[in-house]
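Visitor:
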Amino acid sequence: MGFDFAAIAAKGERLEAALAEADITTLLMVLVQLTGDAALLDRFGGYIKGPWDYSESIPEDGKAGIRGRLAAVLTDHAASGRPFRPPPDATLLQKMMSVGVGEAVADEYVPMMREDLGFLEPDPRGICWRKQPDPAALGDFHVVIVGAGMSGLCAAVRLQEAGIRFTIVEKNDRVGGTWYENRYPGCGVDTPNHFYSYSFAPNHDWPDFFSRRDELFAYFERCAGRFGLDRLIRFRTEATVARYDEAAGLWRIAIRAADGAREVLSANALITAVGQLNRPKVPALNGLDTFAGPAFHTARWPADADLEGRRVAMIGTGASGMQAGPALAQKVGHLTIFQRSPHWVVPNPNYHRAVGPGKKWALRHLPWYAAWYRFQLFWAFADGLHQALTMDPAWPHPERSLNALNERHRRGLLRHIAREIGDDRELLAKVTPDYPPYDKRILIDNHWYKMLKHPNVELVTEGIDRLEAGAIVTRDGSRHAVEAIVFATGFEAGRMLAPLEITGRGGRRLRDEWGAEDPRAYLGITAPGYPNLFMIYGPNTNLAHGGGIIFHSECQVRYVLRCLRELLEKGYRSLECRTEVHDAYNDRVDAANARMAWAHPGMGNWYKNSGGRIITNSPWRLVDYWEMTAEPDFDDFLIA
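Heads up: the sequence shown at position 61 corresponds to 923 in this note's numbering, and the numbers run straight through without jumps.
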């Protein structure tokens, strides 16, 4: 990994001042790595209570000492050109990780983090040929990727690095997937940006710690341009049918362009990267067809929508509602919010903060700073939360929390609600959940409670009975006059891969096997009877305990690349997951999910199908899934 010594040298005497805005805990990790001085961890570790920049209490003279010494070390390196020390060994790395997040990090994380921190060359997340495949075979091999969103672009970049031909089919006219389709006011990410980005394409210039939709969409467009993917994407084209041709050992993919033109593509392998949250779900409300005003889903926000000064209803208070509601309240004349059940809402001081120039400079120029900062976010927004989401069968209060840690989280969340709501006991009762934290997706506070106290905002918790031409009537007979309706009601997550019809070996149809809402796959990636079909963000790969969805997709893409490598290096035609392996894995998934928050008895959420099975969420920690997908076990496959 190279670093810009010229930029460091140019700072000269101003270097120490430039470090003042960077996170002190992250700077400490950089200093320890550059010097090997593990005593610094003992000296300052007791002051670090968490991974956030507001979770440390290092004395000011200690901070000054860290910055001063680091400035001297960096200046010396810039002047001398001496190489850096080798990456820390396993013992030191584990201690650094533990101090960096303020709690013990198990040694099982060391191999994964050596990779994610960039200590390994070449990057093992690429294809890493063991022997160069036959040039003719490589030239003839073709992959079709369905979807040019976050996962599809990730797969394309890695295939391009490997020299494997591919075509991307994208139904929209731009890349970006969900970040292209969702344009509602307030739309943004609830995962820290510096973790919500590709490992191979970090962005050190995010304007905010949690950026808005336009910045995210622009990031994915830049990635597509940087890697030259645009010319390989068939925009405004939808894959409608995919059929495995057993005689030829090829997938035949029927595609339809926006102008009606039809074509059949042939591919040695098919990768679906269509996401789980791209088919809007609108409730079947009585009288919806009689409503006279505009009514639309947040994911289909009209470009010409004009709600200024109007009476608007927002139905739904999940993730989209949390973001859209406060933005709408500032524009509309009156906002009536219809809530089925309240969500737990967590405060984060960084959610509305901009990234300062000093922090951006550190991310771009300081050796290892961006890598260590990414690890801290990984812990804060992923595996560091997992324990709080696991049911303790001996816990005496299962109706309100899952375990002792979950109870501590609950009490902190209740204090936040009470601080925000104040003396309004009626509103407090409406917004306080009666279920354990994390049973539903937990949300970051987007000034939600402050919005609910605005004079032009009303929160309605009574169920909806029917719609009329200019009103929503609730079950208690109340009539709420509205001129427009915004549905923040989520997506058809259970209808994975719809409307694509996939037919595998022997004429078996994936839709028949999955039914309307029971998708299953081995590792969420592959299914028996469908040779060389790979799913990215497939069944049971959604992350409800954290924000590492791009990390997860990179794990899946790595696994797919290893499978393609096996085909190409050994001259095989197909890989097909064994039925018994697939079924045993799904039994493990179901058993593990049964212990997680989202399986809490009586709890309804979009993670479950109508039969109560968790179909979207992964129960695994990221370290578990990373290990499962690092190298395929080809005994799990039928190979021909």
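Using N, Cα and C, we set each Cβ at its ideal position, and we do this for glycine too.
Hey, is the segment 984-999 in contact with the segment 947-964, meaning 3+ C-beta pairs nearer than 8 Å?
Guide: No, because fewer than three Cβ pairs between the segment 984-999 and the segment 947-964 fall closer than 8 Å, the two stretches do not touch.
Visitor: I think Phe1003 touches Arg1027, with their Cβ atoms under 8 Å apart; what is that distance to the nearest whole Å?
Guide: That belief holds up - the Cβ atoms of Phe1003 and Arg1027 are roughly 6 Å apart, short of 8 Å.
Visitor: By a C-beta neighbour count over all protein chains shown, 10 Å radius and 16 as the cutoff for buried, is Pro1229 buried or exposed?
Guide: Buried: at least 16 other Cβ atoms inside 10 Å.
Visitor: Can you tell me which residues form a DSSP beta bridge with Phe1499?
Guide: Paired residue(s): Cys1439.
Visitor: Classify Pro997 as helix, strand or coil using the three-state DSSP reduction.
Guide: In this structure, Pro997 counts as helix in the three-state DSSP scheme.
Visitor: For Leu982, which residues in the same chain have their Cβ closer than 8 Å to its Cβ, ignoring the five residues on either side in sequence?
Guide: Arg976.
Visitor: Tell me whether the beta-carbon of Thr1516 lies closer than 8 Å to the beta-carbon of Cys1417.
Guide: Not covered by the structure: residue 1516. The range shown for the chain is 863 to 1502.
Visitor: How would you call His1159, buried or exposed, if buried means at least 16 neighbouring beta carbons within 10 angstroms?
Guide: Classification of His1159: buried, given that the 10 Å Cβ count is 16 or more.
Visitor: Can you list, in chain order, the residues of its chain with a C-beta nearer than 7 Å to that of Ala900? Leave out the 5 residues immediately preceding and following it.
Guide: Correct list, in chain order: Val894, Leu954, Lys957.
Visitor: Would you kindly work out how many angstroms separate the C-alpha atoms of His1205 and Arg1303, rounded to a whole number?
Guide: Each residue's alpha carbon lies about 8 Å from the other.
Visitor: Starting from Asp1374 and walking both ways along the beta strand (DSSP E), at which residues does that stretch end?
Guide: Element bounds for Asp1374: not the beta strand (DSSP E) but the alpha helix (DSSP H), 1372-1376.
Visitor: With distance defined between alpha-carbon atoms, name the residue in Trp991, Lys993, Ala952, Leu1000 nearest to Leu979.
Guide: The candidate whose alpha carbon is nearest that of Leu979 is Ala952.
Visitor: Note down the Cα distance separating His1444 from Thr1388, rounded to an integer number of angstroms.
Guide: Cα to Cα, His1444 sits roughly 8 Å from Thr1388.
Visitor: In the DSSP output, which residue or residues are listed as bridge partners for Tyr1106?
Guide: Its beta-bridge partners are Trp1113.
Visitor: Do you know offhand how far Asn1140's Cα is from Arg1475's?
Guide: Roughly 21 Å between the two C-alpha positions.
Visitor: Alpha carbons only, please: which of Trp1041, Arg1096, Arg1124, Phe1071 is nearest the one belonging to Ala1161?
Guide: When each option's Cα is compared against that of Ala1161, the closest is Trp1041.
Visitor: With the cut-off set at 8 Å, would you say Ala1119 and Thr1099 are in Cβ contact?
Guide: Yes, they are a contact pair.
Visitor: How many whole angstroms separate the CB atoms of His1259 and Pro1299, which I take to be in contact at a CB cut-off of 8 Å?
Guide: Contact flag wrong, Cβ pair sits at about 12 Å.
Visitor: Ile1133 lies in the beta strand (DSSP E); which residues open and close that run?
Guide: Per DSSP, Ile1133 belongs to the beta strand (DSSP E) from 1131-1134.
Visitor: Which same chain residues, not among the five before or five after Pro950, have their C-beta less than 7 Å away from its C-beta?
Guide: Only Gln895, Met958 meet the Cβ criterion.
Visitor: Run the CB neighbour count on Arg1450, radius 10 Å, all protein chains shown included, and call it buried at 16 or more, exposed below.
Guide: Burial call: exposed.
Visitor: Please report the straight-line C-alpha distance between Gln1201 and Gly1014, rounded to a whole angstrom.
Guide: Distance between the alpha carbons of Gln1201 and Gly1014: 34 Å.
Visitor: Using DSSP bridges, identify the partner residues of Tyr1469.
Guide: According to DSSP, Tyr1469 bridges with nothing at all.
Visitor: May I have a chain-ordered list of the alpha helix (DSSP H) segments no shorter than 4 residues that lie completely inside the segment 1024-1067?
Guide: 1040-1043, all fully within the segment 1024-1067.
Visitor: Taking the alpha-carbon of Gly1050 as reference, which of Glu970, Thr1336, Tyr1213, Ala1360 has the nearest alpha-carbon?
Guide: Checking every option, the nearest Cα to that of Gly1050 belongs to Tyr1213.
Visitor: Can you tell me the Cα-Cα spacing of Asn1448 and Ala1191, whole angstroms?
Guide: For Asn1448 and Ala1191, the distance between alpha carbons rounds to 44 Å.
Visitor: Exposed or buried, Asn1044, counting other C-beta atoms within 10 Å across all chains shown (16 or more means buried)?
Guide: Per the 10 Å Cβ criterion, buried.
Visitor: With a 10 Å radius around its C-beta and 16 neighbouring C-beta atoms as the bar for buried, classify Gln1185 as buried or exposed.
Guide: When all chains shown are included, Gln1185 counts as buried.
Visitor: Any idea which residues DSSP pairs Asp1070 with across the strands?
Guide: The partner list for Asp1070 (beta bridge, DSSP) reads Ala1216.
Visitor: Starting from Glu929, trace the alpha helix (DSSP H) in both directions and tell me its first and last residue.
Guide: Sequence check: residue 929 is Arg here, not Glu. Residues 922-942.
Visitor: Once DSSP output is grouped into helix, strand and coil, what is the label at Ser1340?
Guide: Three-state DSSP puts Ser1340 in coil, outside helix and strand.
Visitor: With DSSP collapsed to three states, give me the class of Met863.
Guide: Interpretation of Met863 is limited by its pLDDT of 48, a score under 50 that renders its predicted location unreliable; no figure is taken from the coordinates.
Visitor: Only counting the same chain, and skipping five residues up and downstream in sequence, which positions put a Cβ closer than 6 Å to that of Met1253?
Guide: Excluding residues within five positions, the ones whose Cβ falls inside 6 Å are Leu1264, Arg1457.
Visitor: Leaving aside the five residues before and after Glu1125 along the sequence, list all residues of the same chain whose C-beta is less than 7 Å from its C-beta, in chain order.
Guide: Here the set comprises Ile1117.
Visitor: What residues are listed by DSSP as bridge partners for Ile1347?
Guide: DSSP lists Ala1157, Ala1175 as partners of Ile1347.
Visitor: Which residue's Cα is closest to the Cα of Ile1411: Met1465, Arg1483, Ala1383?
Guide: Closest option to Ile1411, Cα to Cα, is Arg1483.
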